[in-house]
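First residue of the sequence shown: 10, per our numbering; consecutive thereafter. Glycine included, C-beta positions come from ideal geometry on N, C-alpha and C. Following: one structure in structure tokens, then a few remarks.
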Amino acid sequence: KSTRLYKEEDEAIPVNYYGVTKLKAEKIIASICSNYAIVRVVVVYGKALPGQHGNILQLVANRLRNGETIRVVSDQWRTPTFVGDISVGVEKLMFHTANGIYHICGSECLTIAEIAYRVADFLKLDRSLIEPVTTEEMKETTPRPRFSGLSIEKAKAEIGYTPRTLEEGMEASLFYFTAEESRKVISHLSGVGNSHHGAVVSELLCQILNDKGSWGAPQRLNGSFGTSGLQSLQQFFNAVQRYGFPFLRM
């Protein structure tokens, strides 16, 4: 394992063709653009959209939910990145005048096995199904770097980038729903199940999505929901407010 996280100015030495193409692209951009920012990310996670293959966190969760074992490498280090943090970082860079490379990733450097164990613990799944193995034992055909942890000190200093921890990112991912998933979650959180309440909740959600400042709306449901149900619903909207509308997808 490297003794420190890689900085933007460190020499890049790709170990596979994928890395070679990314490095070539960086050099081309720097040579032809007068106003640019190059963003490097690592192990991006968040809820995948339909048709996407997903990510290592989803793979681990799906396997464990199905009671299946999963082999993960214990000697490759990464800085996993929540997709929402990338969006925030890129937006900040759009208004930043300096050119250059920026590491927009997570602040925690973990092995793939450590990531898998934390996913299991966060979702209360059986961590004994996780089988840590070495890179040699995994026998992957494509070479992968043992250490690709990136330092985010430059992004923190220049644009105020502050990524979530892995657990915070997983928590935020739970609020990345389709319309149908949103209705199910709100109905569950509010502790109601009849169609009238479901219609009220759906209408409220649409209203808030159309009027993003209406955070007082849940209080208007006080006559329809019990005290505990209203409290849970308020917690849901507080989470949406905290994580932002990019993570609540209609």
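| query | result |
| --- | --- |
| Taking the straight line between their C-alpha atoms, what separation do you get for S160 and C114? | 8 Å |
| Going by DSSP in three states, H50 sits in which element: helix, strand or coil? | First, the amino acid is wrong: residue 50 is Val here, not His. Residue state, collapsed to three classes: coil. |
| When you compare each of K165, K16 and G28 to V97 by their alpha carbons, which one comes out closest? | K165 |
| Taking the straight line between their C-alpha atoms, what separation do you get for S116 and V52? | 12 Å |
| Would you give the residue range spanned by the alpha helix (DSSP H) that R153 belongs to? | It is not in any alpha helix (DSSP H) - R153 carries neither H nor E in the DSSP assignment. |
| Tell me, please, which residues DSSP counts as bridged to R87. | L119 |
| For R74 and T143, I'd like the C-alpha separation in whole angstroms. | 24 Å |
| Which whole runs of the alpha helix (DSSP H) in the segment 25 to 71 are 4 residues long or more, in chain order? | 26 to 41 |
| In angstroms with no decimal places, state the Cα-to-Cα distance between S43 and A34. | 15 Å |
| Below 9 Å between beta carbons: does that hold for P172 and F91? | yes |
| Across the segment 145 to 154 and the segment 50 to 70, are there enough close Cβ pairs to call them in contact, namely three or more that are closer than 8 Å? | no |
| Quick check: what's the CA-CA separation for L260 versus W86? | No information on residue 260 is available, as it lies outside the stretch 10 to 259 that the chain covers here. |
| Can the beta-carbon of I65 be found less than 9 Å from the beta-carbon of Y111? | no |
| Using 8 Å for Cβ pairs, my map puts I124 next to L58. What's the rounded Cβ distance? | The Cβ separation is near 21 Å, so there is no contact. |
| Using the beta-carbon count (16 or more within 10 Å), is T88 buried or exposed? | buried |
| Which whole-angstrom value is the C-beta distance of L102 and V48, which I expect to be below 8 Å? | 7 Å |
| Please work out which residues of its chain come closer than 7 Å, Cβ to Cβ, to V50, disregarding the five sequence neighbours upstream and downstream, and give them in chain order. | T90, I95, I113 and C114 |
| For G93, tell me which candidate among L14, R13, Y15 and Y170 has the shortest Cα-Cα distance. | Y170 |
| Can you pull the DSSP bridge partners for H105? | None; H105 has no bridge partner. |
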